[in-house]
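Working notes, beginning with the structure itself.
2 protein chains.
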Amino acid sequence: MGIIQRDSLSLDSIAGLVEDALEGLVMDSLSNRQEMPAMSIAKEVLLSGGKRYRPIVGLISYKAAGGNDLSEVMNLALSAELIHTATLIHDDVYDRSMMRRGKPTIQSSHGIAHAIIAGDYLFSLGFKLGAGYSPEIVKRVGEACAGVASGELMQFKHVRNLNTKPEDYYAIVDGKTAGAFACGCSCSAINADSDEEIVDGLWGYGIELGRAFQLVDDLLDLVGDDSIGKPRGTDVHEGKMTLPLIYALTMLHGEDRKQLEDTLTNFSDFRLQELQALLEKAGSFDYARLLISNHVERAIDSLEEIPESNAKDLLIDLAELSMSRTN
Amino acid sequence: MGIIQRDSLSLDSIAGLVEDALEGLVMDSLSNRQEMPAMSIAKEVLLSGGKRYRPIVGLISYKAAGGNDLSEVMNLALSAELIHTATLIHDDVYDRSMMRRGKPTIQSSHGIAHAIIAGDYLFSLGFKLGAGYSPEIVKRVGEACAGVASGELMQFKHVRNLNTKPEDYYAIVDGKTAGAFACGCSCSAINADSDEEIVDGLWGYGIELGRAFQLVDDLLDLVGDDSIGKPRGTDVHEGKMTLPLIYALTMLHGEDRKQLEDTLTNFSDFRLQELQALLEKAGSFDYARLLISNHVERAIDSLEEIPESNAKDLLIDLAELSMSRTN
Chain Y
177 MGIIQRDSLS
187 LDSIAGLVED
197 ALEGLVMDSL
207 SNRQEMPAMS
217 IAKEVLLSGG
227 KRYRPIVGLI
237 SYKAAGGNDL
247 SEVMNLALSA
257 ELIHTATLIH
267 DDVYDRSMMR
277 RGKPTIQSSH
287 GIAHAIIAGD
297 YLFSLGFKLG
307 AGYSPEIVKR
317 VGEACAGVAS
327 GELMQFKHVR
337 NLNTKPEDYY
347 AIVDGKTAGA
357 FACGCSCSAI
367 NADSDEEIVD
377 GLWGYGIELG
387 RAFQLVDDLL
397 DLVGDDSIGK
407 PRGTDVHEGK
417 MTLPLIYALT
427 MLHGEDRKQL
437 EDTLTNFSDF
447 RLQELQALLE
457 KAGSFDYARL
467 LISNHVERAI
477 DSLEEIPESN
487 AKDLLIDLAE
497 LSMSRTN
Chain D
177 MGIIQRDSLS
187 LDSIAGLVED
197 ALEGLVMDSL
207 SNRQEMPAMS
217 IAKEVLLSGG
227 KRYRPIVGLI
237 SYKAAGGNDL
247 SEVMNLALSA
257 ELIHTATLIH
267 DDVYDRSMMR
277 RGKPTIQSSH
287 GIAHAIIAGD
297 YLFSLGFKLG
307 AGYSPEIVKR
317 VGEACAGVAS
327 GELMQFKHVR
337 NLNTKPEDYY
347 AIVDGKTAGA
357 FACGCSCSAI
367 NADSDEEIVD
377 GLWGYGIELG
387 RAFQLVDDLL
397 DLVGDDSIGK
407 PRGTDVHEGK
417 MTLPLIYALT
427 MLHGEDRKQL
437 EDTLTNFSDF
447 RLQELQALLE
457 KAGSFDYARL
467 LISNHVERAI
477 DSLEEIPESN
487 AKDLLIDLAE
497 LSMSRTN
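So the sequences go chain by chain: Y and D. Quick note on this note's numbering: the first sequence kicks off at 177 and runs consecutively. Quick note on this note's numbering: the second sequence kicks off at 177 and runs consecutively.
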C-alpha cells in the first residue's frame, strides 16, 4: 500500500489508485470459490469504465480532512462504488435497459435473474467492506442506502406525473444520488478523526456536488451527445420528471404547453428535437445550468472551514469540472 | 430487554422474542423518514408469518454455546432474517411467483421495480444490523451471502438439466441454504466467546440442519398439501433439479425413464400426479426421507462437544421437528 501514501495528489493519481484497488478486489473475488460465479458476471459492469466519482471524492475528502493514510479509507471508497454499481445493475433490470456505458447490460446479456443476483452479490460485498468501520460510519452508510431506496421509490411515484414540483425532484435527487455523496465525504472525515465542523462541511460539499452531478446527468440525457453510452431521451422514455421538464411545464402556456404535454406523454425517439426546441423556448437549459453552477458554488462554499491544502484544491477542481462534464 | 434474559427457554418463547424484535424493528423503520417508503412495502413479506428458522436457530445456538445475554445476538439474528427475506423477494421477481406464504408477492402487487428496491433495502438494513459484530463474524456473513448468490447461479446453470448429479444438488443447497444456517449458528458461538470446537460443532449442526431443511422443502413441493402457501410442483415448473427428481432419473429405465423425462420437460399442473407416481415407483420419496433423517442425525452428532443444557436439547428438538414439517 506504500504507493497510496504519496503526497503528490492529483485527480489522475487518485483515479489510478481506485482503479487498481478495484481490479485487485475483483481478482481476489475471482480466486475465491464462493465468489467466483457471481463476480465473473458482476465484473462486466464493475470494470466497464465507470467514472469512479464516489470513491474519488471520498478519498480526496479524507485527505482534505487531514487524514494521512489513504489505505485506511480505501475499503470505504470501494464499498461506495460496489453499492452504487449494484444499484445500476438493478436499475437496468426494472428500466429494461439494454446498454450501459456503451456495453450490453447484464440483464440483456444474461437475463433478469443473473442481473438481480449479481447486484445482490455486489451489495453484500460492498457492505462487507464497509462493515469494518465505526458504528457512526456504518449507521450513515445504512441511512444512505435506505435513502437510495426511498429516492427511487419516490421517482416511481412521480413517473409521468406532470404536476411534479421542483421540491419533489430535489427529494428524489437527495435520496438517490446526493445522499450517497454526502455520506462518502462525511464518513471519510469521520475516519480522519476530524472535528464536527469539518465533517459537516464535507457533508455539505457532498450533498451539493451530488445535486450538481445529478442535474448534469439529467441535462445530458436531453442535450448530450451519444458518447454517454446510452441513447439520449432515455429518462423521457421512462417518464422520469427531471428538472428541465418540470421547469418547462411551469413556464410554457397555451399551445406550447399543450405540445409539451403531448411530447412527454407520447414520446418517441423522433420527437427528441421537438422536445429540445420546447425546452429551449422555456429557458429550461439555461435554468438547469444556472442551478448547476449554484450547487457547485455552494459545494465550494461548504469547504470554508477546511484548511487550505492540495486536497482541498482538488475538491474545488472536481466541483468545477463537474459542470463541464459531457458524459 | 429484560424479558430475553430469562432462563426458561422454549421454542415458543424464542419465536416470540424474534417476532417482537422484528415488529419493533419494522416500527422503528416506519417512523424514519428515509426508511418509511421502502419498509412499508418490504413489511408485507417481512411480517407475513415466516417460520423465523434462521434467527431462532441462531439465538438457541448462542445459548447452547454458553452465551448469557440474548440481546447481544438479537441484531445478528434479525440480520439473518432480513437478508433471507430480501432473497425471497428477489427470487419472486425472477421466478415470476405470484404467491408467497399464501399472499400476493411484492412483484405481483407492486411490480418488479418495487420488489427489487424493497429487497435491496432489506439487504442494506440486514447488513447494517450485522455490521456491529466482530470482523470474523462480518467475514462469515459476507461469505454466506456470496454463497447464496453462487448457489442460485449454479441452480440456474442446472435448470432442466437432466444430467444434474447429486453433488451438484448439494453444492447448490450448501450455497443457497445450508451455508446461511451454518453461518448463523457458528457466528452466534463466536459471539458467545466459545472455543473453536464449539464454533465448529455449531457450524456442523447448522450445515446439516440446513441441508435437511432444504430437502424437506423440496419434498414438500412434490408431496405437501397446499398449506405451504404456494402451489405444489412450483420447482418442477421452474425446472429446478431437486433430489427426488435426480434420484428418479438415475433409478428408472426404459419406458418409465422416457415418461419421466417427458413429464419434466413438458410439465403442467395436471401432470403432477403422474410425476408423483413415477417418483414413488423410483423410490425417490423414501430415499429423500432417508437422506433427511441422515442429515438430522449428523446435525445432532455435531453437537457432541456442546455441554448438556436446555438450549442444546432445544437444538436437538428443532432438528427432529424439521423432519416432520408440513409447511
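Note that CB positions come from ideal geometry on N, CA and C, so glycine has one too. Only a predicted model underlies this, so the values are computations on that prediction, with no experimental measurement involved.
Around H266 of chain D, the beta-carbon contacts reaching into chain Y at under 8 Å are I292, I293 and D296. Listed in chain order, the alpha helix (DSSP H) runs fully inside the segment 380-452 of chain Y are 410-413, 419-427 and 430-441, counting runs of at least 4 residues. Put simply, the segment 292-308 of chain Y touches the segment 250-258 of chain Y. At least three CB pairs are less than 8 Å apart. At a cut-off of 7 Å between beta-carbon atoms, F332 of chain Y makes contact with chain D.
Contact of V314 of chain Y with chain D by beta-carbon distance below 8 Å involves K304, A307 and G308. Rounded to the nearest whole angstrom, the CA to CA distance from E473 of chain D to N367 of chain Y is 49 Å. The DSSP-derived three-state label of P231 of chain D is helix.
Non-local beta-carbon contacts of G242 of chain D in its own chain, meaning distances under 7 Å to residues more than five positions away in sequence, involve A368 and S370 in chain order. In the DSSP assignment, M212 of chain Y falls within the unbroken alpha helix (DSSP H) covering M212 to L222.
Close partners of Y270 of chain Y in chain D (Cβ separation under 7 Å): I288, A289 and I292. Put simply, the backbone Cα of M203 of chain D is about 32 Å away from that of L497 of chain D.
In chain order, N367 place their CB closer than 7 Å to the CB of E248 of chain D, counting only its own chain and leaving out the 5 sequence neighbours on each side. If you draw a 10 Å sphere on the C-beta of D350 of chain D, you find 16 or more other C-beta atoms in it, and that means buried. Taking 7 Å as the cut-off between beta carbons, the residues of the segment 191-224 of chain D near chain Y are Q210, E211, P213 and A214, in sequence order. CA-to-CA, the gap between Y297 of chain D and H266 of chain D works out to about 11 Å.
One thing to note: A322 of chain Y has its Cβ within 7 Å of the Cβ of E211 of chain D. Where S207 of chain D is concerned, there is no enclosing alpha helix (DSSP H), because DSSP gives it neither an H nor an E. C-alpha of C359 of chain Y to C-alpha of W379 of chain Y: approximately 7 Å in a straight line. Just so you know, the alpha carbons of A197 of chain Y and K239 of chain Y end up roughly 18 Å apart. A Cβ of chain Y is located within less than 7 Å of the beta carbon of C321 of chain D. The segment 269-306 of chain Y is shown to contain no whole beta strand (DSSP E) run of 3 or more residues.
Within the same chain, no residue comes within 6 Å of E480 of chain Y by CB-CB distance, once the 5 residues on both sides are set aside.
Against chain Y, the CB of G415 of chain D has no partner CB under 7 Å away; the residue lies outside that interface. For the set D:F389, D:A218 and D:A320, the Cα lying nearest the Cα of F299 of chain Y is the one of D:A320.
If you check each beta-carbon in the segment 327-351 of chain D against every beta-carbon of chain Y, the ones closer than 8 Å belong to E328, L329, M330, F332 and G351.
Taking a contact to require three or more Cβ pairs closer than 8 Å, the segment 331-347 of chain Y and the segment 276-295 of chain Y do not qualify as touching.
Looking at Y:I236, Y:V314 and Y:K219, the one whose alpha-carbon comes closest to that of I293 of chain Y is Y:K219. No residue range can be given for E481 of chain Y, since it is assigned to no alpha helix (DSSP H) and is classified by DSSP as neither H nor E. For the segment 356-375 of chain D, the set of residues with a beta-carbon nearer than 9 Å to any beta-carbon of chain Y is empty.
The C-alpha of R447 of chain D lies about 11 Å from the C-alpha of H413 of chain D. For A487 of chain D, same chain residues with a beta-carbon under 7 Å away, outside a window of 5 residues either side, are L185, I236, K239 and A240 in chain order. Neighbourhood of G382 of chain D in chain Y, by CB distance below 7 Å: empty, with the nearest CB roughly 16 Å away.
Judged by DSSP secondary structure, K315 of chain Y falls within the alpha helix (DSSP H) whose first and last residues are P311 to K333.
L301 of chain D reaches chain Y at G318, C321 and A322, counting residues in chain order whose Cβ is nearer than 9 Å.
By the CB criterion at 7 Å, I422 of chain D and T353 of chain D fall outside the cutoff.
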